[in-house]
Amino acid sequence: MYRRRSSKTPKRSLAVHKNQTDLSAWRKGGTTNAEKSVQNHQSSDVQKNDSEQDSLEQALSYFEKVPNRVSLRNNPVLQKHLAAVESIALQRGLPPEGFDVLLNVALSGKLADTVNTRLLKSLVPASVIPEDSVVSSMSWLCVSKCSSNVQLLFIRWLITMFDFIDRKEQLRALYCVLFYLLEEERMCPYVCHLLYLLTTKESVKPFRVRRLLDLQAKMGMQCHLQALLSLYKLFCPELVTITLPGKIKNFFRNSEGPWKAAINAVRRRNFPVHQPLVLGTAQPQSRKRKWNAQLVVPASSANKANLEKNRVNHADLYGTSESFPVEQLQTFSQLLQNIHHLEFPSQMASVLTNPLLLHYMNCIKDESVHLRLYFWLNHTLQEECPWCVADNHQNEEEFKIFLETVYKTECFLQEGFPSCEEFLYKSLPLWDGVCCQSQVLRLVSWIPLSTFPEMKSQLYDPLAQLFFTSSLYFKCSVLESLKELLQNWLNCHLFHPESEPEFQVHSLNTTLSGLVNVVAELVQFVGRISTVALCLENNSSFLLHFILNFYETVCDMYLRYNLPLLILPPAGVFYPALLNMSPVSLNQLCYIMYRYRTNLAAAKENELSKKKILQFKISSQTYKEYNQYVIAMVGCLWTSNVFQKDTHPQGLHMDDELLKETAVQEFKTSFNIVYHPAMIGYAVQFLQQAFPDDATFNFSLIKGKKWNWYLEYLYAQGLKGLKVFIESSINRVSQASHGKAEEQEDRV
Numbered sequence: 001m002y003r004r005r006s007s008k009t010p011k012r013s014l015a016v017h018k019n020q021t022d023l024s025a026w027r028k029g030g031t032t033n034a035e036k037s038v039q040n041h042q043s044s045d046v047q048k049n050d051s052e053q054d055s056l057e058q059a060l061s062y063f064e065k066v067p068n069r070v071s072l073r074n075n076p077v078l079q080k081h082l083a084a085v086e087s088i089a090l091q092r093g094l095p096p097e098g099f100d101v102l103l104n105v106a107l108s109g110k111l112a113d114t115v116n117t118r119l120l121k122s123l124v125p126a127s128v129i130p131e132d133s134v135v136s137s138m139s140w141l142c143v144s145k146c147s148s149n150v151q152l153l154f155i156r157w158l159i160t161m162f163d164f165i166d167r168k169e170q171l172r173a174l175y176c177v178l179f180y181l182l183e184e185e186r187m188c189p190y191v192c193h194l195l196y197l198l199t200t201k202e203s204v205k206p207f208r209v210r211r212l213l214d215l216q217a218k219m220g221m222q223c224h225l226q227a228l229l230s231l232y233k234l235f236c237p238e239l240v241t242i243t244l245p246g247k248i249k250n251f252f253r254n255s256e257g258p259w260k261a262a263i264n265a266v267r268r269r270n271f272p273v274h275q276p277l278v279l280g281t282a283q284p285q286s287r288k289r290k291w292n293a294q295l296v297v298p299a300s301s302a303n304k305a306n307l308e309k310n311r312v313n314h315a316d317l318y319g320t321s322e323s324f325p326v327e328q329l330q331t332f333s334q335l336l337q338n339i340h341h342l343e344f345p346s347q348m349a350s351v352l353t354n355p356l357l358l359h360y361m362n363c364i365k366d367e368s369v370h371l372r373l374y375f376w377l378n379h380t381l382q383e384e385c386p387w388c389v390a391d392n393h394q395n396e397e398e399f400k401i402f403l404e405t406v407y408k409t410e411c412f413l414q415e416g417f418p419s420c421e422e423f424l425y426k427s428l429p430l431w432d433g434v435c436c437q438s439q440v441l442r443l444v445s446w447i448p449l450s451t452f453p454e455m456k457s458q459l460y461d462p463l464a465q466l467f468f469t470s471s472l473y474f475k476c477s478v479l480e481s482l483k484e485l486l487q488n489w490l491n492c493h494l495f496h497p498e499s500e501p502e503f504q505v506h507s508l509n510t511t512l513s514g515l516v517n518v519v520a521e522l523v524q525f526v527g528r529i530s531t532v533a534l535c536l537e538n539n540s541s542f543l544l545h546f547i548l549n550f551y552e553t554v555c556d557m558y559l560r561y562n563l564p565l566l567i568l569p570p571a572g573v574f575y576p577a578l579l580n581m582s583p584v585s586l587n588q589l590c591y592i593m594y595r596y597r598t599n600l601a602a603a604k605e606n607e608l609s610k611k612k613i614l615q616f617k618i619s620s621q622t623y624k625e626y627n628q629y630v631i632a633m634v635g636c637l638w639t640s641n642v643f644q645k646d647t648h649p650q651g652l653h654m655d656d657e658l659l660k661e662t663a664v665q666e667f668k669t670s671f672n673i674v675y676h677p678a679m680i681g682y683a684v685q686f687l688q689q690a691f692p693d694d695a696t697f698n699f700s701l702i703k704g705k706k707w708n709w710y711l712e713y714l715y716a717q718g719l720k721g722l723k724v725f726i727e728s729s730i731n732r733v734s735q736a737s738h739g740k741a742e743e744q745e746d747r748v
């Protein structure tokens with residue numbers, strides 16, 4: 001463990017002692033065993049690393065003793081050491097010992113602003129930043145030794161490196177000092193950002209609320225002030241009585257510009273992407289920036305006894321001695337015992353892969369937790385998206401990992417994040433449909449329920465453009481994502497069968513009518529794009545499978561999800577499925593129509609049994625369209641009169657004269673369960689088993705008892721959808737009592 005030095009402790013030389021972090025370990029890229037690292041490197045690399053280590057030690061020693069007002073111009077020594085610090089920091093990152101020296105010299109005003117600025121921009125950690133170094137450097141802000149530009153850059157550095165600081169207790173004790181800096185108009189947005197990260201319930205005081213309100217009256221409705229006030233209101237609603245916006249899209253300005261590229265370079269060098277993430281507090285922690293660092297609960301490497309000792313020592317900083325550090329949370333029983341005393345981590349990303357903290361979010365409706373997570377996710381998604389930020393494609397692999405983690409978190413919580421919704425709405429018009437494809441479409445499946453105009457312009461229209469111009473497999477992926485989106489909406493907004501129609505949808509605070517309308521628009525949107533896609537892809541059976549999967553959910557919305565809505569597939573989907581050459585698609589269509597019949601019958605029975613007029617009824621047009629589809633299916637598969645009986649405007653009705661011109665023999669039976677292109681393979685196999693000596697494949701033999709045998713054969717092949725459709729939609733009247741034992745009359 002690295003050595004932490006209090007600001008009151010005399011400065012020591014950078015010679016390596018037993019209790020210090022070994023600079024040779026840093027030199028090997030963060031490895032703790034120097035001998036093992038040397039064996040794994042070539043001799044040339046070792047010499048180069050030794051040279052870099054010596055240069056850094058010399059530079060730190062120089063800056064520790066640098067006199068006042070040293071000019072950079074015509075000073076080769078200063079130029080040499082400054083260049084060494086910049087080069088090493090931007091390539092490898094600095095070891096923990098270097099921050100105390102460099103922060104003190106940069107903020108003390110000894111050097112020109114040009115030098116101080118370059119030093120602050122080179123403060124990139126190889127692993128962690130000691131809290132003592134940060135606390136010690138904060139004292140320089142109170143004595144006005146450095147210029148306002150340097151102070152502002154230091155605050156921005158603190159925000160960017162916040163998650164790399166090993167502990168936050170002493171830093172929180174300086175909350176009042178930072179709050180005083182709000183008076184500076186230029187620094188106010190960044191100080192608000194830093195205070196937002198440091199705020200706990202104990203930080204909210206009446207005088208601070210009053211001061212923020214005064215600043216808002218003076219400066220106007222600023223996002224950074226509203227964000228801090230919103231957090232205060234969540235902690236202490238009785239102190240903040242004004243009305244604040246419910247959703248702020250951009251809380252704070254981006255602070256990480258000068259350090260972003262360097263952090264990425266150090267992270268890729270020291271912690272490759274393929275390195276497995278560790279979940280828990282007993283393992284050495286990865287210090288990757290942002291999500292890769294925070295996916296692990298940020299705990300000290302000390303044991304539990306030390307953690308407990310630290311907690312007691314800093315009880316006044318926690319605000320209460322009963323708070324339970326998240327580092328000690330290991331089991332579900334511990335969560336239950338300490339759920340009202342749990343101190344949530346400052347690094348909100350640590351929540352994403354910690355099931356216990358996710359359980360805590362579900363159990364305790366603490367809006368401050370959701371607000372913090374919303375802010376962090378919103379910032380990270382916007383700043384790290386490869387297709388939204390220029391020259392950021394090298395981070396695509398890590399962004400995939402991050403999106404996958406966010407998706408798994410949404411699945412665990414069974415709800416989507418508003419930050420992800422905003423990210424998708426902003427980024428989909430710019431998306432090429434290739435980068436992070438599966439991850440983006442998975443996030444689409446958890447978009448919260450919203451109004452149709454918003455979803456049409458920001459979700460449906462961009463998706464449709466990509467859908468029509470992309471590959472078959474992309475089309476199938478989009479349909480699968482929209483099916484999951486529909487299922488998630490229905491699962492999250494289930495209605496009890498006996499509840500009144502005015503029951504509210506909590507997430508939108510809208511009525512059941514609003515839910516029905518939004519779901520209907522989604523189903524109709526899928527129907528439109530599916531019709532076009534089938535034309536573009538020549539009625540692909542593979543594509544049709546995903547389309548029918550979507551309608552398997554739609555056909556059961558009334559009974560399974562108690563939603564008073566039933567929408568049949570458009571003719572551009574129904575007829576290609578009916579005439580498709582795949583028995584899987586035909587069987588799937590039969591099952592869907594059976595479920596539509598069951599749901600429509602239940603809806604009609606419910607309407608007839610209710611004494612009062614229901615607010616929601618299934619449209620008579622839906623019943624009419626269903627009957628037209630059933631007539632077409634029975635005419636095709638059973639009675640062989642589809643060309644005469646189909647009444648749908650886009651159906652298969654044709655005149656006999658036109659059919660005769662096709663020169664197709666027995667055209668009437670071309671689509672029954674024997675001759676249908678999807679079923680003829682089963683008919684051949686049946687004839688081979690029923691008439692093994694007949695090699696002519698005379699399909700006319702399948703009649704009478706053989707017809708019944710053929711049906712049983714089809715059912716045995718797993719065509720359960722065909723079975724339930726025939727049994728529910730076709731009345732088979734035996735004619736045995738009339739002396740026709742071999743014949744059977746069937747009618748719809």
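Numbering (the UniProt record's numbering), first residue to last: 1 to 748.
All C-beta atoms, glycine included, are put in the ideal place defined by N, C-alpha and C.
All of these numbers come straight from a predicted model, not from anything done at the bench.
Leu-212, enclosing alpha helix (DSSP H) - first and last residue | One-based indexing of the sequence shown puts residue 212 at position 212. Membership of Leu-212 in the alpha helix (DSSP H) is indicated by the continuous run 206-219.
Distance between beta carbons of Val-516 and Leu-563, contact taken as under 8 Å = For the purposes of this step, residue 563 is identified with residue 563 of the sequence shown, where counting begins at 1. For the purposes of this step, residue 516 is identified with residue 516 of the sequence shown, where counting begins at 1. Sure, about 7 Å apart at Cβ, within 8 Å.
Can we say the segment 196-214 touches the segment 352-360, given the rule of at least three CB pairs closer than 8 Å?
-> no
Counting Cβ pairs, one atom from each stretch, are 3 or more of them under 8 Å apart for the segment 321-338 and the segment 365-384?
-> no
What is the DSSP secondary structure of Asn-731, reduced to helix, strand or coil?
-> On the sequence shown, position 731 is the one that residue 731 refers to. Three-state DSSP puts Asn-731 in a strand.
What is the DSSP secondary structure of Leu-563, reduced to helix, strand or coil?
-> On the sequence shown, position 563 is the one that residue 563 refers to. For Leu-563, the secondary structure class from DSSP, reduced to helix, strand or coil, is coil.
Inter-residue Cα distance where the pair is Ser-582 and Leu-413 = Against the sequence shown, residue 582 aligns to sequence position 582. Against the sequence shown, residue 413 aligns to sequence position 413. Their Cα atoms are separated by approximately 39 Å.
Inter-residue spacing [alpha-carbon to alpha-carbon] between Ser-728 and Gly-651 = Position 728 of the sequence shown, counting from 1, holds the residue named residue 728. Position 651 of the sequence shown, counting from 1, holds the residue named residue 651. Going from the Cα of Ser-728 to the Cα of Gly-651 covers about 22 Å.
Which one of Ala-106, Arg-118, Pro-67, Val-101 has the shortest CA to CA distance from Ser-87?
-> Within the sequence shown, residue 87 is the residue found at index 87, counting from 1. Comparing Cα positions, the closest option is Arg-118.
Enumerate, from N- to C-terminal direction, the unbroken alpha helix (DSSP H) stretches of 4 or more residues contained entirely within the segment 148-213.
-> Whole alpha helix (DSSP H) segments, 4+ residues: 148-160, 169-172, 175-180, 188-198.
The segment 699-708 contacting the segment 561-576, beta-carbon criterion three pairs below 8 Å | no
From the DSSP output, which residues share a beta bridge with Pro-125?
-> The residue labelled residue 125 in the question sits at position 125 within the sequence shown. Bridge partners of Pro-125: Leu-94.
In angstroms with no decimal places, state the Cα-to-Cα distance between Cys-363 and Gln-337.
-> Indexing the sequence shown from 1 puts residue 363 at position 363. Indexing the sequence shown from 1 puts residue 337 at position 337. So the two alpha carbons sit approximately 13 Å from each other.
How would you call Phe-99, buried or exposed, if buried means at least 16 neighbouring beta carbons within 10 angstroms?
-> On the sequence shown, position 99 is the one that residue 99 refers to. With 16 or more Cβ atoms within 10 Å of its Cβ, Phe-99 is classed as buried.
Hey, out of Leu-714, Ser-670, His-493, Asp-556, whose CA is closest to Leu-568's CA?
-> As a working note, residue 568 is residue 568 in the sequence shown. If we check each option's Cα against that of Leu-568, Asp-556 comes out closest.
Determine the direct distance from the alpha carbon of Gly-109 to that of Ile-155, and round the result to whole angstroms.
-> Position 155 of the sequence shown, counted from the start, is the residue given in the question as residue 155. Position 109 of the sequence shown, counted from the start, is the residue given in the question as residue 109. Going by the C-alpha atoms only, they are around 16 Å apart.
By a C-beta neighbour count over all protein chains shown, 10 Å radius and 16 as the cutoff for buried, is Pro-497 buried or exposed?
-> Here residue 497 corresponds to residue number 497 of the sequence shown, with the count starting at 1. At Pro-497 the pLDDT is 38, less than 50, meaning the model places this residue with poor confidence; the figure from the coordinates comes in the next sentence. Answer is exposed; the Cβ neighbour count stays below 16.
In its own chain, which residues sit with a C-beta less than 7 Å from the C-beta of Pro-206, not counting the 5 before and 5 after it?
-> By 1-based counting over the sequence shown, the position of residue 206 is 206. If we look at Pro-206 and ignore the five residues flanking it on each side, its Cβ neighbours are Leu-239.
Glu-183 burial status per 10 Å Cβ neighbour count (16 or more: buried) = What you label residue 183 is simply residue 183 of the sequence shown in a count that begins at 1. Counting Cβ neighbours within 10 Å, Glu-183 comes out exposed, since fewer than 16 surround it.
Around the Cβ of Leu-566, are there at least 16 other Cβ atoms within 10 angstroms (buried) or fewer (exposed)?
-> On the sequence shown, residue 566 is found 566 positions in, with the first residue counted as 1. Buried, because 16 or more other Cβ atoms sit within 10 Å of the Cβ of Leu-566.
Which two residues bound the contiguous alpha helix (DSSP H) that contains Thr-669?
-> Taking the sequence shown and counting its residues from 1, one reaches residue 669 at position 669. Neither: Thr-669 is in no alpha helix (DSSP H) and is coded neither H nor E.
Name, in chain order, the residues that DSSP records as bridge partners for Val-70.
-> For the purposes of this step, residue 70 is identified with residue 70 of the sequence shown, where counting begins at 1. Val-70 pairs with Leu-111.
Does the Cβ of Tyr-180 have 16 or more other Cβ atoms within 10 Å, making it buried, or fewer, making it exposed?
-> In the sequence shown, counting from the first residue as 1, residue 180 sits at position 180. Burial state of Tyr-180 is exposed, judged by a 10 Å Cβ sphere holding fewer than 16 other Cβ atoms.
Identify every run of the beta strand (DSSP E) within the segment 417-456, keeping only runs that are complete inside it and at least 3 residues long; order them along the chain.
-> If we require 3 residues or more, the segment 417-456 turns out to have no beta strand (DSSP E) run fully inside it.
Mind checking Tyr-473: buried by the 16 CB within 10 Å criterion, or exposed?
-> Within the sequence shown, numbered from 1, the residue matching residue 473 stands at position 473. Its Cβ having fewer than 16 others within 10 Å, Tyr-473 is exposed.
Hey, is the segment 437-450 in contact with the segment 479-492, meaning 3+ C-beta pairs nearer than 8 Å?
-> Yes: the two stretches touch, three or more of their Cβ pairs being nearer than 8 Å.
Nearest candidate by alpha-carbon position, reference Ala-89, set Gln-330, Asn-606, Pro-125 | As a first step, residue 89 is located in the sequence shown; it is residue number 89 there, counting from the start. For the residues Gln-330, Asn-606, Pro-125, the minimum Cα distance to Ala-89 belongs to Pro-125.
On the premise that Cys-590 lies in contact with Leu-714, defined as a C-beta separation below 8 Å, what is that separation, rounded to the nearest angstrom?
-> What you label residue 714 is simply residue 714 of the sequence shown in a count that begins at 1. What you label residue 590 is simply residue 590 of the sequence shown in a count that begins at 1. So it is not a contact: roughly 11 Å between Cβ atoms.
Inside the segment 371-405 only - beta strand (DSSP E) runs reaching at least 3 residues = none
Following the continuous alpha helix (DSSP H) through Asn-538, name the residue where it begins and the one where it ends.
-> Position 538 of the sequence shown, counted from the first residue, corresponds to residue 538. Premise fails: Asn-538 is in no alpha helix (DSSP H) and is neither H nor E.
Have a look at Leu-578, Phe-402, Ser-419, Ser-640 and flag the residue whose alpha-carbon is nearest the alpha-carbon of Leu-374.
-> Mapped onto the sequence shown, residue 374 falls at position 374. Note that residue 374 corresponds to Tyr in the displayed sequence, not to Leu. Tyr-374 has its Cα closest to that of Ser-419, out of Leu-578, Phe-402, Ser-419, Ser-640.
May I have the straight-line CA-CA distance separating Leu-158 from Arg-186, to the nearest angstrom?
-> As a first step, residue 158 is located in the sequence shown; it is residue number 158 there, counting from the start. As a first step, residue 186 is located in the sequence shown; it is residue number 186 there, counting from the start. Taking the straight line joining both Cα atoms gives about 16 Å.
DSSP state of Ala-695, grouped into three classes?
-> As a first step, residue 695 is located in the sequence shown; it is residue number 695 there, counting from the start. Looking at Ala-695 - three-state DSSP - the assignment turns out to be coil, as it is neither helix nor strand.
The segment 456-468 touching the segment 427-440, judged by at least three CB pairs closer than 8 Å = yes
Hey, out of Leu-153, Met-633, Ile-129, Pro-386, whose CA is closest to Phe-423's CA?
-> Against the sequence shown, residue 423 aligns to sequence position 423. Measuring from the Cα of Phe-423, the nearest candidate turns out to be Pro-386.
If we ignore side chains and look at the alpha-carbon of each, how far apart do Ser-470 and Leu-543 end up?
-> Your numbering for residue 470 matches position 470 in the sequence shown. Your numbering for residue 543 matches position 543 in the sequence shown. In a straight line, the C-alpha of Ser-470 is about 13 Å away from that of Leu-543.
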